[in-house]
Amino acid sequence: MNIELTDVTRTFGRNKAVDGVSLAVGPGVFGLLGPNGAGKTSLLRMLATVLPPSSGTVRLLDKDPGRPAARTQIRRRLGYLPQNLGYYPSFTVAEFVEYFALLKEMPAHQVPKAVAAAVERVDLGPRAKVRLRTLSGGMLRRVGIAQAIVNGPDLLLLDEPTAGLDPEQRVAFRTLIRDLGQHATVVVSTHLVEDVGTACSEVALMAEGKVVFRGTPDELTAQGEGHQVGDSPLERGYSAVLAASRQQVPVTKRVH
Amino acid sequence: MTAVALTHRTARFRTARFRTVRALRLEIKHSTAVWVLPILAALFYVNAYRTAAGFPPTWTVRASVITGSNLVFFSVIAAGIAAWVATREDRRKTGDLLATTARAAWARQATVLAATAFWMVLAYLAGVAVLYIQTARQATWGGPPLWPVAVGVVGVAASCAVGFTCGTLLPGRFTAPIVAVAVFAAWFVGAQAANSVNPYQVSNLSSLKGTSALLGPVLGRPAFIDVGVYYHVPPDVSIVQVMFMGGVLLVMAGLLVLLPAARVPGVRGLSFAGRRWLTVVAAAGVACGVAASATAFWMAGTARYSLATGWDIPALHDAADDQPVPYTLDCTGSAFKVCIHPAFAPYLGAMSAALQPAAAEIAGLPGAPVRADMTMGYTSSAAVAGTTSVYDFFTEQEGYGGESFWATPALARTADWEQGWQQDFIIWFVSGPAEQDSPGPTPAQEAVAIALLAKIGAPVPQGYPQFSQPGTQSGASSASSASGGSGTQPGASAGQITAAASGFESLSSAARHAWLAANLAALRSGTITLAQLS
Chain A
264 MNIELTDVTR TFGRNKAVDG VSLAVGPGVF GLLGPNGAGK TSLLRMLATV LPPSSGTVRL
324 LDKDPGRPAA RTQIRRRLGY LPQNLGYYPS FTVAEFVEYF ALLKEMPAHQ VPKAVAAAVE
384 RVDLGPRAKV RLRTLSGGML RRVGIAQAIV NGPDLLLLDE PTAGLDPEQR VAFRTLIRDL
444 GQHATVVVST HLVEDVGTAC SEVALMAEGK VVFRGTPDEL TAQGEGHQVG DSPLERGYSA
504 VLAASRQQVP VTKRVH
Chain B
15 MTAVALTHRT ARFRTARFRT VRALRLEIKH STAVWVLPIL AALFYVNAYR TAAGFPPTWT
75 VRASVITGSN LVFFSVIAAG IAAWVATRED RRKTGDLLAT TARAAWARQA TVLAATAFWM
135 VLAYLAGVAV LYIQTARQAT WGGPPLWPVA VGVVGVAASC AVGFTCGTLL PGRFTAPIVA
195 VAVFAAWFVG AQAANSVNPY QVSNLSSLKG TSALLGPVLG RPAFIDVGVY YHVPPDVSIV
255 QVMFMGGVLL VMAGLLVLLP AARVPGVRGL SFAGRRWLTV VAAAGVACGV AASATAFWMA
315 GTARYSLATG WDIPALHDAA DDQPVPYTLD CTGSAFKVCI HPAFAPYLGA MSAALQPAAA
375 EIAGLPGAPV RADMTMGYTS SAAVAGTTSV YDFFTEQEGY GGESFWATPA LARTADWEQG
435 WQQDFIIWFV SGPAEQDSPG PTPAQEAVAI ALLAKIGAPV PQGYPQFSQP GTQSGASSAS
495 SASGGSGTQP GASAGQITAA ASGFESLSSA ARHAWLAANL AALRSGTITL AQLS
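In order, the protein sequence lines correspond to chains A and B.
Each residue of the first sequence is one higher than the one before, counting from 264 in our numbering.
Each residue of the second sequence is one higher than the one before, counting from 15 in our numbering.
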């Protein structure tokens with residue numbers, strides 16, 4: 264398993280952002296759904312080794328991120344796209360991706376090719392030498408994806424990756440993460456359920472810091488039978504599970 | 015270690031070096047510091063370049079600019095820009111993204127700091143190069159002093175480190191301006207202390223306490239023009255300054271590693287515990303830095319002042335620095351030679367042009383000087399005592415014309431400058447070699463001097479005649495005090511002196527010469543009265 268969480272909790276002051284989450288995720292595309300404030304980003308930040316857990320154990324790529332040496336090894340094999348991508352406006356697309364390739368301590372001889380490949384994969388090849396300050400929001404998102412995948416990560420964490428992408432790019436992106444998911448564990452945190460439906464092989468739904476559902480997109484769809492809220496079957500399943508969790512009603516496939 | 019393991023380690027080192035160099039190249043290319051270079055250039059031109067251009071072309075004097083106010087301005091801007099750059103991750107919200115990378119936060123930050131320091135130090139060195147090239151084209155003696163450059167480089171780098179550390183620990187919109195103002199205030203305090211113990215401004219040299227002065231910049235011009243000319247300037251003070259600021263640099267670098275590891279709130283990048291060996295190394299660095307700065311501070315407190323060589327620090331002092339630097343005077347003229355230290359060779363023509371007419375006017379008289387020699391300023395009174403065969407002048411001489419060598423060679427070619435020397439020369443000859451506490455000129459001496467000066471076209475010295483009222487002395491001018499005290503024959507008015515001078519001037523050259531030949535000794539001894547002049 265590339266991700267093993269055991270009873271992981273993360274608190275900020277009195278606020279419990281992540282509350283006793285246990286998860287084991289192997290290769291493939293894993294969707295993380297949930298409303299605002301459900302704890303998705305906090306969980307993703309722990310998986311990204313940005314935050315240590317307040318309690319519980321985290322193992323990533325069969326290593327303990329609490330140990331400095333292991334953490335460095337994990338980070339070399341990690342790709343992360345935060346919800347709000349910060350960037351340096353004066354850098355060009357290629358320079359920004361190269362910068363992160365260097366920080367991820369990629370083997371020196373691989374860096375130029377890897378940068379070119381990552382930029383091509385997000386369809387920004389013609390704009391490789393364009394400064395970031397001139398790019399649109401959607402293009403910047405693609406730059407963020409490029410930096411996340413430049414090192415060919417075994418664990419790729421994407422927080423709202425399709426926000427700002429046009430429909431064509433969104434389709435291309437889903438193809439990309441499906442492709443990446445064949446070798447790596449890709450965790451996609453999103454509130455766009457159609458992304459999950461088409462790209463993810465497995466999905467977890469979080470509410471109030473807990474994982475209230477885990478299963479396949481089809482299983483989530485099945486939860487919405489007879490539920491009226493939502494435009495698509497998957498959305499109806501999503502809102503049904505959330506409604507049930509608010510009422511403390513156990514759903515068919517509930518994960519602790 | 016096996017050969018395979020060694021090869022593997024070497025390869026890892028190479029790839030790590032490659033990554034560091036590439037990352038540094040990117041940071042240098044995109045450093046915000048580039049944007050302040052025009053401001054630095056303008057400050058350099060207004061502050062340092064123009065100041066240095068107004069100094070005589072000797073290396074030590076010109077080099078004093080680069081560790082004076084020039085260093086203050088560079089440090090202030092370097093600290094401010096470094097603080098601003100350090101807040102970049104916070105401003106650009108890249109903290110999370112960067113925290114997930116394998117490269118340690120301290121290494122990443124060190125690259126950013128290095129890029130900032132690179133531009134600041136490069137700009138500083140460019141300024142030094144401009145000054146030194148300008149000086150090299152004009153200087154005729156010695157070579158560029160390198161210790162002040164080392165002090166400046168370490169000072170700018172330390173300021174970058176201070177600013178960067180502040181920006182890292184307290185990221186915020188106002189951090190950079192606050193840091194810049196704080197660094198300026200720190201320099202200002204040091205400069206105040208430095209200037210308060212500037213030997214040029216105090217009379218009791220033994221009371222000097224150099225601690226604060228040696229660790230702060232001396233603003234304004236150096237104490238003496240010929241510093242570094244007759245004696246080498248010992249590197250003691252520079253070594254102490256480099257030690258002090260190097261210590262600060264080390265402390266700041268250590269803190270950059272230690273504080274995130276100690277999980278200081280607000281510090282990004284190492285939320286998990288850091289590596290233990292790194293913490294130990296950083297702590298050792300901080301300890302070494304504190305030790306270096308403290309040692310430098312202590313050593314500065316032991317500094318002694320010497321008129322010949324300036325400040326020296328016993329623990330660092332090399333006695334070889336106390337030996338005078340050998341030189342051969344540059345001379346011109348035949349009947350009357352004007353000789354000058356080669357460091358001041360650009361002044362030789364102007365000095366000769368000033369003194370030759372005056373020497374010709376008194377040529378052939380008993381005791382008339384046959385040459386004029388430049389001597390060290392602070393030993394001049396002893397050198398001139400007792401004889402008039404050689405007119406000894408020195409760089410700090412500010413007599414009747416304010417003719418000091420602080421004027422640039424270009425300014426020295428003006429009539430004012432030359433006439434100042436002529437006045438000094440004639441008055442010195444007429445009054446005789448003066449001891450330290452000798453009285454000022456008598457009315458008769460003044461009248462003769464005025465007359466001789468008029469013959470060579472030089473004006474009456476400022477403050478002459480000194481005896482404006484019978485029985486009283488007025489016009490306590492700088493000239494009076496410069497020549498050593500009050501007159502011995504009060505009782506002549508300014509009008510009487512001027513009239514006597516006119517009468518003496520109206521004599522034929524031969525008559526005037528004959529009168530001086532017969533009465534010069536009596537005139538110098540002060541026994542000649544105005545009435546005896548005609």
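In this text, a Cβ means the ideal position worked out from N, Cα and C, and glycines have one as well.
Bear in mind the structure is a predicted one, so any value in this text is a computation, not a measurement.
- Using a Cβ-Cβ cut-off of 9 Å, A:V281 does not count as an interface residue toward chain B, since no Cβ of chain B sits closer than that to its own.
- Taking C-beta atoms as the reference points, B:G324 and B:V251 count as a pair closer than 9 Å.
- Excluding the 5 residues flanking it on each side, A:E423 has same chain C-beta neighbours closer than 7 Å at Q346, S452 and T453, in chain order.
- When the beta-carbon positions are compared, A:V406 and A:V292 stay at least 9 Å from each other.
- Listed along chain A, no residue sits closer than 7 Å to B:A129 by beta-carbon distance, the nearest being about 12 Å off.
- For A:R396, no Cβ of chain B is located within less than 9 Å of the residue's own Cβ.
- With contacts defined as CB atoms closer than 9 Å, B:A296 and B:G268 qualify as a contacting pair.
- For B:D344, the CB contacts under 6 Å within the same chain, skipping 5 residues up- and downstream, are I354, P356, A359 and L362 in chain order.
- Put simply, of B:H246, B:Q411, B:L425 and B:Q206 the residue whose alpha carbon is nearest the alpha carbon of B:H331 is B:H246.
- B:T409 sits close to B:F238, with the two beta carbons spaced by under 9 Å.
- In this structure, the alpha-carbon of B:A93 lies about 37 Å from that of A:S317.
- Between the C-alpha atoms of B:V300 and B:P185 there is a straight-line separation of about 22 Å.
- Counting every other CB atom within 10 Å of its CB across the protein chains shown gives B:Y138 a total of 16 or more, marking it as buried.
- Within chain B, no residue has its beta carbon less than 9 Å from that of A:S318; the closest one is some 15 Å off.
- Non-local C-beta neighbours of A:A311 in its own chain, meaning closer than 7 Å and more than five positions away in sequence, comprise L341, Y343 and L420, ordered along the chain.
- Under the 10 Å beta carbon count, B:F407 is surrounded by 16 or more other beta carbons and is classified as buried.
- The DSSP-derived three-state label of A:R404 is helix.
- With a minimum length of 3 residues, the unbroken runs of beta strand (DSSP E) contained wholly in the segment 368-453 of chain A fall at 418-422 and 448-452.
- A residue is called buried when at least 16 other Cβ atoms come within 10 angstroms of its Cβ; B:F188 does not meet this threshold and is exposed.
- In this structure, the alpha-carbon of B:S173 lies about 16 Å from that of B:T101.
- Chain A has a Cβ within less than 9 Å of the Cβ of B:G109.
- For B:N84, the enclosing alpha helix (DSSP H) covers residues S83 to A100.
- Distance check between A:Q486 and each of A:M469, A:A470, A:S495 and A:V504 places A:V504 closest, using alpha-carbon atoms only.
- Inter-residue distance for B:F69 and B:A205 is about 20 Å (C-alpha atoms, whole angstroms).
- With a contact defined as Cβ atoms closer than 8 Å, B:V99 and B:A47 qualify at about 7 Å.
- Separation of the CB atoms of B:F350 and B:Q370 is rounded to 6 Å, and the pair is thereby assigned contact status at 8 Å.
- B:A468 places its beta carbon less than 9 Å from that of B:E519.
- B:A55 has its alpha-carbon roughly 43 Å from the corresponding atom of A:I412.
- The three-state secondary structure of B:F350, taken from DSSP, is coil.
- Apart from sequence neighbours up to five positions away, the residues of its chain that approach B:W155 with a beta-carbon distance below 6 Å are P356 and A357, ordered along the chain.
- Interface flag for A:V271 against chain B is unset, since no Cβ pair is found closer than 9 Å.
- If the five residues before and after A:R433 are omitted, its C-beta is found closer than 7 Å to the C-beta atoms of T425, all from its own chain and listed in chain order.
- A buried status is given to A:V313, since no fewer than 16 other beta-carbon atoms sit within 10 Å of its beta-carbon.
- Boundaries of the alpha helix (DSSP H) around B:E519: A508 to S520.
- Between the segment 76-85 of chain B and the segment 322-336 of chain A there are fewer than three C-beta pairs closer than 8 Å, too few to call the two in contact.
- The beta carbon of A:D458 lies closer than 7 Å to those of T425, R437 and V451 in the same chain, with the five residues before and after it left out.
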